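Engineer: Numbered according to UniProt numbering, the sequence shown spans residues 1 to 211. Below is a structure I'd like to ask you about.
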Amino acid sequence: MSHRERRTVRLSAVAAIGVLGGALLLGGCDNDGTGVEDAGSNDNHVDTALSSSTPAESPEDEAAPQPTEGRDVAPQPTPSQPDTAQAPTTTTVAAGSYQVPMGEYTLLCDFVDQPETEGYAWACEAPAHLGWGATDGGEANAVAYRPGGDPEVYALLGNSGISPAERLPADGVTNVGERYTVDATAGDSLTVTDNSTGAAVQLTTDGYQQL
Numbered sequence: 001m002s003h004r005e006r007r008t009v010r011l012s013a014v015a016a017i018g019v020l021g022g023a024l025l026l027g028g029c030d031n032d033g034t035g036v037e038d039a040g041s042n043d044n045h046v047d048t049a050l051s052s053s054t055p056a057e058s059p060e061d062e063a064a065p066q067p068t069e070g071r072d073v074a075p076q077p078t079p080s081q082p083d084t085a086q087a088p089t090t091t092t093v094a095a096g097s098y099q100v101p102m103g104e105y106t107l108l109c110d111f112v113d114q115p116e117t118e119g120y121a122w123a124c125e126a127p128a129h130l131g132w133g134a135t136d137g138g139e140a141n142a143v144a145y146r147p148g149g150d151p152e153v154y155a156l157l158g159n160s161g162i163s164p165a166e167r168l169p170a171d172g173v174t175n176v177g178e179r180y181t182v183d184a185t186a187g188d189s190l191t192v193t194d195n196s197t198g199a200a201v202q203l204t205t206d207g208y209q210q211l
């Protein structure tokens, strides 16, 4: 190769390098051809793209959760229980003589096992005049029940001589022996029942009557 040919090849190589460098320079320019964008510019584009792709939440989007639908059940009232009357206290004692409360007074009563012998089944004496009327007229302070007598309920004025020490419960029912039931639940009255005959006599502060 001659000296002229070697020079032509060298110039061609230099020209090729210059064309490649220009292509790289043009590829690195921005759209207006002012120059190459730095790395920071590319980061700004990425940040902008990310920020624009994630919408910000507005106050309306943060609304309180809605309650779930369901039936509103009103509280059911507790059914009222019917008032149950308390049963009276029942006591059992042997036949004999007892103080028997009747309201503000205390009667002296005698309950016998054999009315045929005593002439009466039971008798009660009041410590004061209560307005009882005697069977034979006048006032009475004692009432006796005589099964089969005429009359069966007999009232008189006198001293029966009954002096009991024991007292029957007030405001309760007492079984005296196997024959009698004394009901003092009324408070101001007293009902004595002879269970063998079914005869019941009510004593009050105003009088007495066979029921």
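Glycine included, every Cβ here is placed at the ideal spot set by N, Cα and C. What you are looking at is a predicted structure, and each value in this text was computed from that prediction instead of being measured.
In the DSSP output, what is L107 paired with across the bridge?
Structural biologist: DSSP, once it has assigned bridges, lists V100 as partnering L107.
Engineer: Thinking just about the alpha-carbon of each residue, which of A144, L168 and A87 is nearest to the one in Y105?
Structural biologist: L168
Engineer: Leaving aside the five residues before and after P147 along the sequence, list all residues of the same chain whose C-beta is less than 6 Å from its C-beta, in chain order.
Structural biologist: P115, A121 and T197
Engineer: Hey, is the region 129–136 in contact with the region 166–180, meaning 3+ C-beta pairs nearer than 8 Å?
Structural biologist: no
Engineer: Indicate whether T174 and A155 have their beta-carbon atoms separated by less than 7 Å.
Structural biologist: No. Outside cutoff.
Engineer: Drop a sphere of 10 angstroms on the beta-carbon of E139, count the other beta-carbons inside from all chains shown, and report buried for 16 or more, exposed for fewer.
Structural biologist: Exposed, because fewer than 16 other Cβ atoms sit within 10 Å of the Cβ of E139.
Engineer: In whole angstroms, what separates the C-alpha of Y208 from that of A186?
Structural biologist: 14 Å
Engineer: On the DSSP bridge assignment, give the partners of Q202 in chain order.
Structural biologist: T191 and Q209
Engineer: If you count every other CB in all the chains shown that lies within 10 Å of the CB of E125, and 16 or more means buried, which is it?
Structural biologist: With 16 or more neighbouring CB atoms inside 10 Å of its own CB, E125 falls in the buried class.
Engineer: Looking only at its chain, what residues have a beta carbon closer than 7 Å to the beta carbon of D110, apart from the 5 residues adjacent to it on each side?
Structural biologist: S97, W122, A123 and I162
Engineer: Restricting to Cα atoms, I'd like to know which of P101, G172, V93 and P127 is closest to V112.
Structural biologist: V93
Engineer: Do D194 and A184 have their beta-carbon atoms positioned less than 7 Å apart in this structure?
Structural biologist: Not in contact: A184 and D194 (Cβ atoms no closer than 7 Å).
Engineer: Between the Cα of E152 and those of A144, T91 and Q86, spot the shortest distance and give me the residue it belongs to.
Structural biologist: A144
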